[in-house]
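Student: Under this note's numbering, think of the first position of the sequence shown as 13, with each following residue one higher. The beta-carbon is built from N, C-alpha and C at its ideal position, and this holds for glycine as well.
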Amino acid sequence: MKLLIVDDHSDMRKTLRTIVQAGETSPVDFIECDNGEEAIRLFNIHHPDFVLMDIQLGRMDGFTASEQISKLHPDARIIFVTSHQSPSFRNRAMKLNAIGMVLKDNLTELTALLH
(Lines of atoms letter the chains of each structure in order from A and count residues from 1; the text may use other names and numbers.)
(Lines give C-alpha, C1' and ligand atoms only; values in the text may rest on other atoms or scores of the structure.)
Protein backbone atom coordinates (compact mmCIF):
# COMPACT_ATOMS: atom_id res chain seq x y z
CA MET A 1 0.00 0.00 0.00
CA LYS A 2 1.14 3.54 -0.80
CA LEU A 3 0.03 6.20 1.67
CA LEU A 4 0.43 9.98 1.46
CA ILE A 5 0.43 11.69 4.87
CA VAL A 6 -0.16 15.45 4.83
CA ASP A 7 0.23 17.24 8.16
CA ASP A 8 2.18 20.33 9.15
CA HIS A 9 3.34 18.70 12.40
CA SER A 10 6.11 16.11 12.06
CA ASP A 11 5.11 14.45 15.36
CA MET A 12 1.61 13.81 14.00
CA ARG A 13 3.02 12.37 10.77
CA LYS A 14 5.16 10.03 12.87
CA THR A 15 2.14 9.01 14.99
CA LEU A 16 0.08 8.28 11.87
CA ARG A 17 2.93 6.17 10.42
CA THR A 18 3.15 4.17 13.63
CA ILE A 19 -0.61 3.52 13.79
CA VAL A 20 -0.82 2.50 10.13
CA GLN A 21 2.22 0.21 10.37
CA ALA A 22 0.80 -1.49 13.47
CA GLY A 23 -2.43 -2.31 11.62
CA GLU A 24 -0.83 -3.64 8.42
CA THR A 25 0.62 -7.04 7.64
CA SER A 26 2.09 -5.92 4.30
CA PRO A 27 4.74 -3.23 3.83
CA VAL A 28 3.54 0.36 3.55
CA ASP A 29 5.26 2.92 1.34
CA PHE A 30 4.89 6.26 3.15
CA ILE A 31 5.07 9.58 1.32
CA GLU A 32 4.92 12.69 3.50
CA CYS A 33 4.62 16.44 3.24
CA ASP A 34 3.53 19.39 5.35
CA ASN A 35 1.33 21.47 3.02
CA GLY A 36 -1.44 21.20 0.47
CA GLU A 37 0.56 22.39 -2.53
CA GLU A 38 3.16 19.68 -2.01
CA ALA A 39 0.38 17.12 -1.44
CA ILE A 40 -1.01 17.79 -4.92
CA ARG A 41 2.44 17.50 -6.48
CA LEU A 42 3.25 14.26 -4.65
CA PHE A 43 -0.14 12.73 -5.42
CA ASN A 44 0.41 13.36 -9.13
CA ILE A 45 3.82 11.66 -8.98
CA HIS A 46 3.10 8.69 -6.70
CA HIS A 47 -0.66 8.02 -7.07
CA PRO A 48 -1.03 6.73 -3.49
CA ASP A 49 -3.76 4.29 -2.48
CA PHE A 50 -4.85 6.59 0.35
CA VAL A 51 -4.25 10.16 1.52
CA LEU A 52 -4.36 11.10 5.21
CA MET A 53 -4.99 14.84 5.02
CA ASP A 54 -4.92 17.36 7.85
CA ILE A 55 -7.40 20.18 7.27
CA GLN A 56 -5.56 23.15 8.74
CA LEU A 57 -2.20 23.45 7.03
CA GLY A 58 0.19 26.37 6.63
CA ARG A 59 0.14 26.70 2.84
CA MET A 60 -3.10 25.69 1.17
CA ASP A 61 -5.55 24.00 3.52
CA GLY A 62 -6.45 20.33 3.26
CA PHE A 63 -9.90 20.96 1.81
CA THR A 64 -8.52 23.00 -1.08
CA ALA A 65 -5.76 20.48 -1.78
CA SER A 66 -8.24 17.58 -1.65
CA GLU A 67 -10.60 19.35 -4.01
CA GLN A 68 -7.80 19.83 -6.54
CA ILE A 69 -6.60 16.24 -6.17
CA SER A 70 -10.15 14.92 -6.63
CA LYS A 71 -10.67 17.00 -9.79
CA LEU A 72 -7.63 15.38 -11.39
CA HIS A 73 -8.13 11.96 -9.79
CA PRO A 74 -11.83 11.33 -9.03
CA ASP A 75 -10.99 7.92 -7.56
CA ALA A 76 -8.63 9.39 -4.93
CA ARG A 77 -9.32 7.97 -1.47
CA ILE A 78 -8.89 10.78 1.03
CA ILE A 79 -9.30 10.53 4.79
CA PHE A 80 -9.30 13.80 6.71
CA VAL A 81 -7.42 13.74 10.01
CA THR A 82 -8.35 16.70 12.19
CA SER A 83 -8.69 17.94 15.74
CA HIS A 84 -11.99 19.70 14.98
CA GLN A 85 -15.44 18.12 15.34
CA SER A 86 -17.19 20.98 13.59
CA PRO A 87 -20.31 19.94 11.64
CA SER A 88 -19.25 22.34 8.88
CA PHE A 89 -15.94 20.43 8.54
CA ARG A 90 -17.83 17.11 8.31
CA ASN A 91 -20.21 18.54 5.71
CA ARG A 92 -17.36 19.87 3.61
CA ALA A 93 -15.52 16.54 3.84
CA MET A 94 -18.66 14.74 2.65
CA LYS A 95 -19.06 17.17 -0.27
CA LEU A 96 -15.49 16.36 -1.29
CA ASN A 97 -16.33 12.62 -1.26
CA ALA A 98 -13.82 11.84 1.46
CA ILE A 99 -13.98 8.23 2.56
CA GLY A 100 -13.76 9.33 6.17
CA MET A 101 -12.86 11.90 8.78
CA VAL A 102 -10.91 10.86 11.87
CA LEU A 103 -10.30 12.95 14.97
CA LYS A 104 -6.68 13.25 16.05
CA ASP A 105 -7.62 12.31 19.60
CA ASN A 106 -9.34 9.09 18.39
CA LEU A 107 -7.12 7.60 15.70
CA THR A 108 -8.31 4.04 16.37
CA GLU A 109 -10.88 4.43 13.55
CA LEU A 110 -8.11 4.92 11.03
CA THR A 111 -7.15 1.27 10.60
CA ALA A 112 -10.71 0.27 9.67
CA LEU A 113 -10.90 2.98 6.99
CA LEU A 114 -7.74 1.70 5.33
CA HIS A 115 -9.23 -1.78 4.76
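Would you list the residues sitting across from F42 in a DSSP beta bridge?
Tutor: For the purposes of this step, residue 42 is taken as residue 30 along the sequence shown, with counting starting at 1. L15.
Student: Between which residues of its own chain and D20 is the CB-CB distance below 6 Å, once the five residues before and five after are set aside?
Tutor: What you label residue 20 is simply residue 8 of the sequence shown in a count that begins at 1. Same-chain partners within the cutoff: D46, L69, G70.
Student: So the candidates are L16, V18, V32; which of them puts its Cα closest to the Cα of T120?
Tutor: The sequence position of residue 120 within the sequence shown is 108, counting from 1. With distances taken between Cα atoms, T120 lies closest to V32.
Student: Measuring alpha carbon to alpha carbon, tell me which residue in P86, S78, N118, Q97 is nearest R53.
Tutor: On the sequence shown, residue 53 is found 41 positions in, with the first residue counted as 1. It is S78 whose Cα lies nearest to the Cα of R53.
Student: Please determine, among K116, I17, T76, the residue with the shortest C-alpha to C-alpha distance to A105.
Tutor: For this step, residue 105 is matched to residue 93 along the sequence shown. Cα-wise, what sits closest to A105 is T76.
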